[in-house]
Amino acid sequence: MLQRRTPVITGPELDDRELRRTLTELRPAKQLHGLGAGASRPPWEPVAKLLRATGRDWDRRVHRISVLAPALPPLVTNRWIADRPKDPDALVVRAYARVARADGAIRSESSEAYNDCIRAAEAMPEDPSPWLALLDLMYACGAKSHALVPLWTEAVNRDPWNRTAYHRLLRHLSPRGHGTLAEMLDFARHSAARAPHGSPIALLPLAARAELVAHREGLRSTSVVGVAAHWNEPQAAAEIDTALAKWFHADAPPHAEALADLNLLAFALTRTHRRDQAALVFRRIGRRMTSQPWDLVPDPVGTFLYWRDRVCG
Numbered sequence: 000m001l002q003r004r005t006p007v008i009t010g011p012e013l014d015d016r017e018l019r020r021t022l023t024e025l026r027p028a029k030q031l032h033g034l035g036a037g038a039s040r041p042p043w044e045p046v047a048k049l050l051r052a053t054g055r056d057w058d059r060r061v062h063r064i065s066v067l068a069p070a071l072p073p074l075v076t077n078r079w080i081a082d083r084p085k086d087p088d089a090l091v092v093r094a095y096a097r098v099a100r101a102d103g104a105i106r107s108e109s110s111e112a113y114n115d116c117i118r119a120a121e122a123m124p125e126d127p128s129p130w131l132a133l134l135d136l137m138y139a140c141g142a143k144s145h146a147l148v149p150l151w152t153e154a155v156n157r158d159p160w161n162r163t164a165y166h167r168l169l170r171h172l173s174p175r176g177h178g179t180l181a182e183m184l185d186f187a188r189h190s191a192a193r194a195p196h197g198s199p200i201a202l203l204p205l206a207a208r209a210e211l212v213a214h215r216e217g218l219r220s221t222s223v224v225g226v227a228a229h230w231n232e233p234q235a236a237a238e239i240d241t242a243l244a245k246w247f248h249a250d251a252p253p254h255a256e257a258l259a260d261l262n263l264l265a266f267a268l269t270r271t272h273r274r275d276q277a278a279l280v281f282r283r284i285g286r287r288m289t290s291q292p293w294d295l296v297p298d299p300v301g302t303f304l305y306w307r308d309r310v311c312g
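If you count by numbering that gives the first Met the number 0, then the sequence shown holds residues 0 to 312, one letter each, in order.
As structure tokens, this is what we get:
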């Protein structure tokens with residue numbers, strides 16, 4: 000019997016095949032059949048193996064830890080720490096897991112997560128990952144923007160133009176976060192103007208524009224005409240041109256979250272009806288759709304498929 004082909008592929012691992020394979024190994028059924036108690040290898044070994052292979056590719060390391068840590072049961076991270084108490088990978092994964100579960104309103108949970116981040120930072124001083132976990136924690140706690148800048152600086156000093164670092168601060172500066180519209184837009188535009196050729200930071204103004212639309216839709220029932228107006232501004236066209244020239248056509252090595260940036264660029268091109276350029280982007284995307292920014296429209300999957308099929312023929 001023929002199986003029906005899934006129209007889109009989604010998932011936090013994006014197009015990282017090794018990460019997807021590790022997530023599959025961590026499923027409960029796998030844990031019970033060979034990776035659990037009494038097995039020849041500890042339950043944390045698949046994650047440890049993947050992070051060893053990742054090495055000092057900080058961009059991909061941050062992405063993989065961000066996806067893996069919330070998927071690990073606390074028993075597994077605690078076992079890893081017990082087996083390897085000074086392992087930097089074990090420490091940073093537990094820090095991310097604690098941050099993901101921490102309730103910013105509960106002081107004890109925030110304090111434990113903070114201490115774990117500091118231990119991870121001390122275990123591998125050159126790694127930006129613990130500082131990005133701290134940014135997530137400060138976001139959950141509702142910290143003011145001035146409190147985040149030193150943490151963000153620590154991260155980008157270790158890995159200049161780290162995509163995650165810029166998007167984390169943009170989220171915090173957003174009016175839906177803990178900042179203002181002016182702060183968000185200034186940061187996005189200034190960062191994109193300074194970013195080197197080939198850097199995904201060139202798309203930061205488009206991410207800010209998508210965040211602006213989400214913010215204004217949340218304030219009131221925005222009409223379709225009102226939403227379209229945000230993408231028909233001359234500034235929006237300039238932002239798309241910059242993203243195409245400085246990143247999409249730059250022949251830069253693919254980064255861990257390139258698929259998310261491709262989806263953002265495709266969405267912006269469909270909003271502005273630039274079909275020929277959208278076709279080039281959709282061909283790189285294939286079936287791998289990300290929830291953002293397509294969740295800005297009422298039928299995300301339907302809209303994605305409509306435009307992909309329309310512009311790609």
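All residues carry an ideal CB built from backbone N, CA and C; glycine is no exception.
| said: Can you tell me whether LEU74 is buried or exposed? The criterion is at least 16 other CB atoms within 10 Å of its CB, across all chains shown. | reply: In the sequence shown, counting from the first residue as 1, residue 74 sits at position 75. Under this definition LEU74 is an exposed residue.
| task | Quick one: using the 10 Å Cβ neighbour count with 16 as the cut-off for buried, is ARG162 buried or exposed? | result | On the sequence shown, residue 162 is found 163 positions in, with the first residue counted as 1. Counting Cβ neighbours within 10 Å, ARG162 comes out buried, since at least 16 surround it.
| task | Give me whichever residues DSSP pairs with ILE8 in a beta bridge. | result | Within the sequence shown, the letter at position 9 stands for residue 8. Beta-bridge pairing links ILE8 to ARG287.
| query | Which value, in whole angstroms, describes the spacing of the CA atoms of VAL224 and TRP230? | reply | The count along the sequence shown starts at 1 and reaches residue 224 at position 225. The count along the sequence shown starts at 1 and reaches residue 230 at position 231. Annotation note: pLDDT 47 at VAL224 (below 50); position unreliable, coordinate value reported separately. Looking at the two C-alpha atoms, the distance is approximately 10 angstroms.
| Going by Cα to Cα distance, which pick from ASP298, ALA257, ASP294 and VAL296 is closest to PHE281? | Counting from one through the sequence shown, the residue named residue 281 turns up at place 282. Among ASP298, ALA257, ASP294 and VAL296, the Cα nearest to that of PHE281 is on ALA257.
| request: Taking PHE303 as part of the alpha helix (DSSP H), name the residues at either end of that continuous run. | output: Position 304 of the sequence shown, counted from the start, is the residue given in the question as residue 303. Element bounds for PHE303: 299 to 311.
| Run through DSSP, which three-state label would ASP260 get? | Taking the sequence shown and counting its residues from 1, the one referred to as residue 260 is at position 261. Here ASP260 sits in helix by DSSP.
| field | Enclosing alpha helix (DSSP H) for TRP160 [first to last residue] | value | In the sequence shown, counting from the first residue as 1, residue 160 sits at position 161. Where TRP160 is concerned, there is no enclosing alpha helix (DSSP H), given that its DSSP letter is neither H nor E.
| message | In this structure, how does DSSP classify MET123 when only helix, strand and coil are distinguished? | response | Counting from one through the sequence shown, the residue named residue 123 turns up at place 124. MET123 falls in the coil class under three-state DSSP.
| request: Below 6 angstroms CB to CB, which residues in the same chain sit around LEU133 once its five sequence neighbours on both sides are set aside? | output: Locating residue 133 in the sequence shown gives position 134, where the first residue counts as 1. For LEU133, where only same-chain residues beyond five positions count, the Cβ hits under 6 angstroms are CYS116 and LEU150.
| said: Once DSSP output is grouped into helix, strand and coil, what is the label at SER39? | reply: One-based indexing of the sequence shown puts residue 39 at position 40. Three-state result, SER39: coil.
| If you draw a straight line from the alpha carbon of ALA146 to that of THR152, how long is it in whole angstroms? | By 1-based counting over the sequence shown, the position of residue 146 is 147. By 1-based counting over the sequence shown, the position of residue 152 is 153. About 11 angstroms.
| Spatial distance of GLU108 from ALA70 (CA atoms) | As a working note, residue 108 is residue 109 in the sequence shown. As a working note, residue 70 is residue 71 in the sequence shown. So the alpha carbons of these two residues sit roughly 19 angstroms apart.
| task | Give the DSSP-derived three-state secondary structure of CYS116 in the structure shown. | result | The count along the sequence shown starts at 1 and reaches residue 116 at position 117. CYS116: helix per DSSP, three-state reduction.
| task | Output the distance between the C-alpha atoms of ASN77 and ARG93, rounded to the nearest integer angstrom. | result | For the purposes of this step, residue 77 is identified with residue 78 of the sequence shown, where counting begins at 1. For the purposes of this step, residue 93 is identified with residue 94 of the sequence shown, where counting begins at 1. Cα to Cα, ASN77 sits roughly 8 angstroms from ARG93.
| query | Leaving out five residues before and five after LYS85 in sequence, what residues of the same chain have Cβ atoms less than 7 angstroms from its Cβ? | reply | In the sequence shown, counting from the first residue as 1, residue 85 sits at position 86. If you ignore the 5 residues before and after LYS85, its C-beta comes within less than 7 angstroms of the C-beta of ALA122, all in its own chain and listed in chain order.
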